[in-house]
Amino acid sequence: QAMVRSRSIQHLAFQEYSPSYPHKKGTVGYAGRPSGPAWYVSTIDNTQNHGPGSQQTRNPYEADSCFGTVVEGWEQIERIKTVPGSGFISDAKKHVLIKYTKIMVPDGKNGYQVWEEK
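The opening residue of the sequence shown carries number 3 in my numbering; numbering runs sequentially from there.
Following this line, the structure appears as structure tokens:
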């Protein structure tokens, strides 16, 4: 799980989930209640862990929002998984710093290109 450290970034206004975008291996989802700004990459099929009804019993429809897919750099995710520890790691000395990410969108040719705002 990754946490964004910024005073300007807040959580999502509401949880939004679509069964068309389940938490399969390689997807990226928001964590927490309400969602964000923490996020995670599913390194396994997390449909049962983060899909509808997985986080609470009183609202069987609530689920984490899934907002992306890793399309490049999976080997880096595998490297992060080798860091000792599991679950939420509170020791800052064991945190992994992600210096940058790229938002990629379909290029219309069965590939992806870096998204640029115009």
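Quick reminder that beta carbons are idealized off the backbone N, C-alpha and C, glycines included. Model, not experiment: these values are computed from the prediction.
At a Cβ-Cβ threshold of 8 Å, Gly-31 and Cys-68 count as neighbours. In the three-state DSSP reduction, Trp-41 falls in the strand class (E or B). Burial is judged here by how many other beta carbons sit within 10 angstroms of a residue's own beta carbon; Val-116 has fewer than 16 and is exposed. In the DSSP assignment, Tyr-32 is bridged to Trp-41. With fewer than 16 other beta carbons inside 10 angstroms of its own, Asp-109 counts as exposed.
8 Å or more divides the Cβ of His-97 from the Cβ of Asp-66. When the beta-carbon positions are compared, Thr-59 and Gly-28 stay at least 8 Å from each other. Taking 8 Å as the cut-off, the beta carbon of Pro-62 is found no closer than this to the beta carbon of Gly-53.
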